[in-house]
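Which chain is which? The protein sequence lines are C and Y, in order.
To convert, note that position 335 of the first sequence is 327 in this note's numbering; the numbers rise steadily by one, no gaps.
To convert, note that position 75 of the second sequence is 293 in this note's numbering; the numbers rise steadily by one, no gaps.
Notes follow the structure.
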Amino acid sequence: MDSNDYNKLLKDINPDWSYKETKYLFDLAKRYDLRWAVIIDSYEYVPDEDEIKVKKEDEDKVDDKEKSKDDEKKETKTYTPRTVEDLKDQLYKVSSKLLNSKQDDGVVKDVALIKALDSFDKNKEIERKKYLNRLLHRAPTEIAEEESLVIEARKFELAAKKMLMERAQLLQLLDSPQSSAPIHQFLTSSGLTQLYNTLMTVDKSKKRKTEAPVAPQLGPNAIPYTQQLAKQQAAQQQAQAHKQQQQGGSAANSHHNDKKSQKQQHQQQQKPQSEILKLLQSRLTPEEMEVYGIKFHEEKVQAGVYLRSQKIVTFKPAVQSKVVEILNELGISMRLTMPTGAVCSKFDKLMHRIASLVDLKKQTDKIEAEVTLMKRQKGLL
Amino acid sequence: MAPSISSKRIRNISVSRPIIYGNIAEKVSEKNPLPPSSPSDHTHTWKVFLADPLGNDLSQYIKKVVFKLHDTYVNSSRSIESPPFEVHETGWGEFEIVIKIYFQNDCGEKNITLYHHLKLHPYPTHADIQRAGGDEEAALRIAAAENVSGHVESIQYDELVFNEPTERMFKLLTQKPGSLLPYKSDKTPFTKVAEREELDRIDKAMEEINKLVEQRQIEFKKLEEERKKIVQL
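Below is the structure:
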């Protein structure tokens, strides 16, 4: 290729570059095997006179006097200062265009190579090198500061993740009350603590991916962060499996809503049950139960002794007096003659019913009063 | 047998045992003379007791019973540690007796307290009140006159319910089947029949209440609608 061809095709890539310079560049590149460090070192291109002229014409529009000075300088045969990026830029662009235009040969275009060549961006290169430079010249204090910032950022991330998870769990809990199990047992303080304890044990048995923030190890033994995490998780899972085995023996009797854990714990609970209870479950018929006065309860009842007649239901004093009145009208006294289990439960129901009747009466009275008031108001209208 | 009976509580279980407690009193008369040690102004001999309706031995699970009498009595706190758990005394007035039941030691149960009003004079019945024309005092007198034998009883049936008994307690309680009441009995008024009667009474009352509740509900709905209409006017 001679200068004419060059001027036709490749000049518009970068008008700064003459054919000769480009050829010189290519030669150098070939000689030094594309080792840019060497190339830039030995790059001493001296522009010819005709090139200066061309340049002069381009710069004519600018101030003449200044240009005349530049002209002089150029005439003294100094080489144009070219940066590595300039060289790279020119080389890649020219090669890319050449490769693109070689259609007549029938050679398959190396598209990947062309793409790679095209993707060279001079400005970006300059930026990148500047950045690297800065990085390498950081003061040690800066390095330490950066590291701590990174660690803190990771911590925040984890905390945020954890919070999201907990919030999701809470929402789940709130959304599905699942109060299928009776809650009487949980109304006492001991019941509450027991509920808390069972929830805690279940919580612990859940697999927790607690990723402790690890300081990035910069050094010869540095392993990628992800690998480190994986190691940690493996260790944790082992520990938790161990824990679960230990906990299996002492599972609490829980009415936890999680069905899986219920099943598990049910199976586990059968072990610590006493012999007596086993005997009972196997052998008792309803009559025998009655004879012995034994009663099974589904829910947890409060431990202790009490007298049946002492545990009949009572209400607030105002309500209570009315209830008693009604009872007397019905011919039943507050003191039951035979407070057996069946009688007491029936009596309880009756009391509740009467209480609701009293309540209903109150409401009807209220509404009646409202209606008469409104009637009067509207009636007068 | 189990190698060791722990004091662990058996969950989800409750055992109930019937008891009766109260007093019977008799007026002092020729047949029933005052014991020599008591002052002459005492008009009645009475005994307060705690027993099993079927006559079983309560000391199986009860260690001791403490009857706290009126302060005017010497040694007003009478502790009975072996069956029969009762206190014989004389007196002229009615007062409240506090009965504290203590269970066997290794059962792990606290004591429980019952209250009983000592009854010496017969209460007037309906008939008596009617005859007295509504006058309480007169009725009382009539009742007293009616009560020829001078024998007065005030006995209460109740049940001790042990929730989640310890294993030891459970053993004690179930050594003998003691919970079943007699169906019919002349010895004690606390029979299954009585229980049945009570249940029936409650059932009847329940029905009536339900009827009333329904009525009220209908009324309520009517009033609600009225109110709505008026509001929309």
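Here a beta-carbon is modelled for each residue, glycine too, at the ideal position from N, C-alpha and C.
**Message:** Among V350(C), E317(C), K15(C), Q355(C), whose alpha-carbon lies nearest the alpha-carbon of K439(Y)?
**Reply:** Here residue 439(Y) refers to the residue found at position 221 when the second sequence is read from its first residue. K439(Y) has its Cα closest to that of Q355(C), out of V350(C), E317(C), K15(C), Q355(C).
**Asked** Does L378(Y) have its Cβ less than 8 Å from a Cβ in chain C?
**Response** Locating residue 378(Y) in the second sequence gives position 160, where the first residue counts as 1. Yes - at least one Cβ of chain C is within 8 Å of the one on L378(Y).
**Asked** What first and last residue would you give for the alpha helix (DSSP H) that runs through N456(Y)?
**Response** Here chain Y has residues from 219 to 451 only, and residue 456(Y) is not among them.
**Asked** Which runs of the alpha helix (DSSP H), 4 residues or longer, sit entirely within the region 70 to 156 of chain C?
**Response** If you keep only unbroken alpha helix (DSSP H) runs of at least 4 residues inside the region 70 to 156 of chain C, you get 76 to 93, 103 to 110, 114 to 128.
**Asked** So G296(C) is in the beta strand (DSSP E); what residue range does that whole segment cover?
**Response** Sequence index remark: in the first sequence, residue 296(C) carries index 304 (1-based). Counting along the chain, the beta strand (DSSP E) containing G296(C) begins and ends at 296 to 299.
**Asked** Is it a yes or a no for the region 434 to 450 of chain Y touching the region 349 to 368 of chain C, going by three-plus beta-carbon pairs under 8 Å?
**Response** Touching, per the Cβ criterion.
**Request:** Compare the Cα-Cα distances from V316(C) to each of M343(C), R159(C), P73(C), L83(C) and report the closest residue.
**Result:** Translated into positions along the first sequence, residue 316(C) becomes position 324. Nearest C-alpha to V316(C): M343(C).
**Message:** Going by DSSP in three states, R414(Y) sits in which element: helix, strand or coil?
**Reply:** Locating residue 414(Y) in the second sequence gives position 196, where the first residue counts as 1. Correct three-state label for R414(Y): helix.
**Which of helix, strand or coil DSSP assigns to D167(C)** = In the first sequence, residue 167(C) corresponds to position 175, counting from 1. D167(C): helix per DSSP, three-state reduction.
**Request:** Name, going along the chain, the residues of the region 357 to 385 of chain Y whose beta-carbon falls closer than 7 Å to a beta-carbon of chain C.
**Result:** Along the region 357 to 385 of chain Y, the positions whose C-beta sits under 7 Å from a C-beta of chain C are Y375, D376, E377, L378, V379, F380, N381, E382, E385, read in chain order.
**Prompt:** Tell me which same chain residues have a C-beta within less than 8 Å of the C-beta of F264(Y), skipping the five on either side of it?
**Reply:** Against the second sequence, residue 264(Y) aligns to sequence position 46. Looking at the sequence itself, residue 264(Y) is Trp, so the reference to Phe does not match. Apart from the 5 residues on each side of it in sequence, W264(Y) sits with its Cβ closer than 8 Å to the Cβ of N241, I242, A243, E244, H306, E307, T308, G309, L336, L338 in its chain, given in chain order.
**Message:** By the DSSP assignment, the alpha helix (DSSP H) with G183(C) in it spans what residues?
**Reply:** By one-based count along the first sequence, residue 183(C) stands at place 191. Note, G183(C): alpha helix (DSSP H), 181 to 197.
**Request:** Determine the direct distance from the alpha carbon of L332(Y) to that of S256(Y), and round the result to whole angstroms.
**Result:** Locating residue 256(Y) in the second sequence gives position 38, where the first residue counts as 1. Locating residue 332(Y) in the second sequence gives position 114, where the first residue counts as 1. Those two C-alpha atoms are separated by around 27 Å.
**Asked** Looking at the structure shown, is Y16(C) part of a helix, part of a strand, or coil, going by DSSP?
**Response** One-based indexing of the first sequence puts residue 16(C) at position 24. Helix, per DSSP.
**Message:** T193(C) and E416(Y) - do their beta-carbons sit closer together than 8 Å?
**Reply:** Translated into positions along the second sequence, residue 416(Y) becomes position 198. Translated into positions along the first sequence, residue 193(C) becomes position 201. Going by C-beta atoms, E416(Y) is not nearer than 8 Å to T193(C).
**Request:** Using beta-carbon positions only, say whether E327(Y) and F380(Y) come within less than 8 Å of one another.
**Result:** Numbered from 1 along the second sequence, position 109 holds the residue referred to as residue 327(Y). Numbered from 1 along the second sequence, position 162 holds the residue referred to as residue 380(Y). The Cβ atoms of E327(Y) and F380(Y) lie closer than 8 Å to each other.
**Message:** Quick check on P379(C) - is its C-beta less than 8 Å from some C-beta in chain Y?
**Reply:** Residue 379(C) lies beyond the range of chain C shown here (-7 to 373); nothing can be said about it.
**Asked** Taking buried to mean at least 16 other C-beta atoms within 10 Å of its own C-beta, is T133(C) buried or exposed?
**Response** As a working note, residue 133(C) is residue 141 in the first sequence. Exposed, by the Cβ-count rule.
**Request:** Any chance you could list the beta strand (DSSP E) runs of at least 3 consecutive residues sitting entirely within the region 288 to 358 of chain C, in chain order?
**Result:** Runs of the beta strand (DSSP E) spanning 3 or more residues and lying entirely within the region 288 to 358 of chain C occur at 296 to 299, in chain order.
**Item:** Residue closest to A108(C), alpha-carbon to alpha-carbon, out of D81(C), Q161(C), Y24(C), R126(C)
**Value:** By 1-based counting over the first sequence, the position of residue 108(C) is 116. A108(C) has its Cα closest to that of D81(C), out of D81(C), Q161(C), Y24(C), R126(C).
**C-alpha gap between G351(Y) and A423(Y), whole angstroms** = Residue 351(Y) sits at position 133 when you count from the first residue of the second sequence. Residue 423(Y) sits at position 205 when you count from the first residue of the second sequence. About 29 Å.
**Prompt:** Cβ-heavy atom distance between L365(C) and the ligand GTP below 7 Å?
**Reply:** By its list of ligands, the structure shown contains no ligand whatsoever, and the ligand GTP lies outside what it can speak to.
**Asked** Would you say I286(C) and C336(C) are within 8 Å of each other, going by their C-beta atoms?
**Response** Sequence index remark: in the first sequence, residue 286(C) carries index 294 (1-based). Sequence index remark: in the first sequence, residue 336(C) carries index 344 (1-based). In terms of Cβ geometry, I286(C) and C336(C) do not form a close pair [threshold 8 Å].
**Item:** D33(C), enclosing alpha helix (DSSP H) - first and last residue
**Value:** In the first sequence, counting from the first residue as 1, residue 33(C) sits at position 41. 28 to 33 is the extent of the alpha helix (DSSP H) around D33(C).
**Request:** Examine the Cβ distances between the region 286 to 299 of chain Y and the region 368 to 375 of chain Y and report whether three or more of them are shorter than 8 Å.
**Result:** The region 286 to 299 of chain Y vs the region 368 to 375 of chain Y: no contact.
**Message:** Using the three-state DSSP reduction, which class does K337(Y) fall into: helix, strand or coil?
**Reply:** In the second sequence, counting from the first residue as 1, residue 337(Y) sits at position 119. Three-state result, K337(Y): coil.
**Message:** In this structure, how does DSSP classify D289(Y) when only helix, strand and coil are distinguished?
**Reply:** One-based indexing of the second sequence puts residue 289(Y) at position 71. Of the three classes helix, strand and coil, the one that applies to D289(Y) here is coil, per DSSP.
**Prompt:** Roughly how many angstroms lie between the CA atoms of G183(C) and A136(C), to the nearest whole one?
**Reply:** Taking the first sequence and counting its residues from 1, the one referred to as residue 183(C) is at position 191. Taking the first sequence and counting its residues from 1, the one referred to as residue 136(C) is at position 144. Counting only the Cα atoms, A136(C) lies some 52 Å from G183(C).
**Prompt:** Smallest Cα separation from D421(Y): which of I31(C), G323(C), D33(C), T14(C)?
**Reply:** Within the second sequence, the letter at position 203 stands for residue 421(Y). Answer by Cα proximity: G323(C).
**Prompt:** So which of S111(C), V76(C), E360(C), Y298(C) has the shortest CA-CA distance to S88(C)?
**Reply:** Reading the first sequence from its first residue, position 96 is the one you call residue 88(C). Proximity to S88(C) across S111(C), V76(C), E360(C), Y298(C) peaks at S111(C), based on C-alpha coordinates.
**Request:** Starting from A350(Y), trace the beta strand (DSSP E) both ways and give me its first and last residue.
**Result:** Taking the first residue of the second sequence as position 1, residue 350(Y) is located at position 132. Where A350(Y) is concerned, there is no enclosing beta strand (DSSP E), given that its DSSP letter is neither H nor E.
**Asked** If you run the structure through DSSP and keep just helix, strand and coil, what is V467(Y)?
**Response** In the structure as shown, chain Y starts at 219 and stops at 451, and residue 467(Y) therefore has no counterpart that could be examined.
**Message:** Determine, for I330(Y), whether the minimum Cβ-Cβ distance to residues of chain C falls below 8 Å.
**Reply:** Translated into positions along the second sequence, residue 330(Y) becomes position 112. The beta carbon of I330(Y) sits closer than 8 Å to some beta carbon of chain C.
**Request:** Could you work out which residues of chain Y lie near G183(C), taking near to mean beta carbons separated by less than 9 Å?
**Result:** Taking the first sequence and counting its residues from 1, one reaches residue 183(C) at position 191. Neighbours of G183(C) in chain Y, taken as residues whose beta carbon is under 9 Å from its own, are absent, since the nearest beta carbon is some 13 Å off.
**Item:** Burial state of P73(C) (16 or more Cβ within 10 Å)
**Value:** Here residue 73(C) is taken as the residue at index 81 of the first sequence, counted from 1. With fewer than 16 other Cβ atoms within 10 Å, it is exposed.
**Prompt:** Just how far apart, CA to CA, sit Y375(Y) and V284(Y)?
**Reply:** As a first step, residue 375(Y) must be located in the second sequence, where it is residue number 157. As a first step, residue 284(Y) must be located in the second sequence, where it is residue number 66. The straight-line gap from Cα to Cα measures roughly 19 Å.
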